[in-house]
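Take a look at the structure set out below.
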Amino acid sequence: MTLPIPPPEPAAPDVPELTPEQAAAIARHNQAVEQQVKLRSRRAFVGLGLVGLAGALGWRWLLNTPPVDGLPGGLRKILDANGELASAYFKHARLAPEFPKSRAEKLRFNGRVGLSPGFEPAAWRLTVQGYSAPGAPPRTQEFTLADLRALPRTEMTTEFKCIEGWSQIVTWAGVRLSDFLTCFPLATTSGRPADPARPPADLAPYVSLVTPDEKYFVGLDIKSALHPQTLLCYEMNGAPLTLPHGAPLRLVSPLKYGVKHIKRIGTIAFMAERPADYWAKLGYDWHAGH
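Offset between the sequence shown (1-based) and this note's numbering: plus 43.
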């Protein structure tokens, strides 16, 4: 079988030659375009250089601002503003996920600061410094572990998240800090209960928690303290807390990183100003979570 031969392609049309005037006009146009490109390139280079210089000078200024809590003051302001924004964005009523108790694991030991040797659990007392109006006498009460065990018990199985990047599921039991403050209204100047749903106008904005040796300390905003999953915890995985894990009493707040879960609480104080925080003083975020 013989294949058909395709027809020849049509010849390209003749392109008329440019006149000298047309060629000169095109050359002038090309020259003008090249000049504009060079001018814009120089302007862009100068502009980018100025932006880079301004950025470098701004960064140097930030790094040389007086230090605040382990960071240059300018960077600390940015970090705090970021924490405040996140705190405002996330609803404080949101709950951390809870899991079946069968998924609970033995929690690894991490962090010795505040766990000084020679501690006597039998002599331990929780000291709570109530919120007082300016000039008013301080209101301080002490509580034993038996006092706390007599309050409504809450148990939850949540994920413990370490700021180092690891996490484990643990079952905790204790008394909600909000329930404690309902029974012992020490977070208001008037002595009214600290109702999370209807916070009193005289409610303390901040809470400080400190170990008996005063070597470890954390600060919480009052909304985080009154969160329904914030516990004064005395049991872990169905057994009393051990000394390495903060016996007789530790804080658990699953919306926060573990650095906020202070072990061996000695003192709780309600205050008007944001309290010091161990890791925040070393340059970490004060909120350390939601």
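The C-beta atom is built at its ideal place from N, Cα and C for all residues, glycine as well.
Opposing strand residues paired with residue i [DSSP bridges]
| i | result |
| --- | --- |
| S267 | Bridge partners of S267: none, in fact. |
| Q172 | T183 and A312 |
| G154 | Beta-bridge pairing links G154 to no other residue. |
| I69 | Bridge partners of I69: none, in fact. |
| L294 | L275 |
| A139 | In the DSSP output, where bridge partners are listed per residue, A139 has none listed. |
| P109 | DSSP output for P109 lists no bridge partner at all. |
| S251 | G262 and A312 |
| L325 | DSSP output for L325 lists no bridge partner at all. |
For residue i, the nearest candidate out of the options (CA to CA)
| i | options | result |
| --- | --- | --- |
| A268 | D238, E257 and A66 | D238 |
| L229 | I69, Y174 and F186 | Y174 |
| G301 | Q79, A179, D328 and A75 | D328 |
| F260 | L298, L194, A323 and L191 | A323 |
| H333 | A139, P63, E60 and V76 | A139 |
| F142 | T200, V156, P180 and A179 | T200 |
| K258 | G154, N107, E185 and P283 | G154 |
| L275 | R196, R85, K149 and R137 | R196 |
| L158 | D222, T254 and D264 | T254 |
| A193 | D320, D222 and E148 | D222 |
| P283 | P115, E198 and E202 | E198 |
| A240 | S251, I265 and L252 | I265 |
Three-state secondary structure (DSSP) of residue i
| i | result |
| --- | --- |
| G301 | helix |
| Q79 | helix |
| R146 | helix |
| E64 | helix |
| K258 | coil |
| F203 | strand |
| T197 | strand |
| R241 | coil |
| L220 | helix |
| T225 | helix |
| P164 | helix |
| P287 | helix |
| A189 | helix |
9 Å Cβ cutoff, residue i in contact with chain B
| i | result |
| --- | --- |
| L292 | Chain labels in this structure do not include chain B; a single protein chain is all it has. |
Residues near residue i in its chain [Cβ-Cβ closer than 7 Å; skip 5 each side]
| i | result |
| --- | --- |
| R235 | P228 and P243 |
| C226 | L194 |
8 Å contact criterion, which residue i and residue j should meet: CB distance rounded
| i | j | result |
| --- | --- | --- |
| A315 | P271 | Between P271 and A315 the Cβ distance is about 24 Å, and since that is not below 8 Å, they are no contact. |
| E278 | A216 | 4 Å |
Close-in-space but distant-in-sequence residues of the same chain around residue i (CB under 6 Å, 5 per side omitted)
| i | result |
| --- | --- |
| T273 | L220 and S296 |
| G289 | K306 and R307 |
| A205 | One detail in the question is off: residue 205 reads as Cys in this sequence, not Ala. Only G301 meet the Cβ criterion. |
| F186 | L169 |
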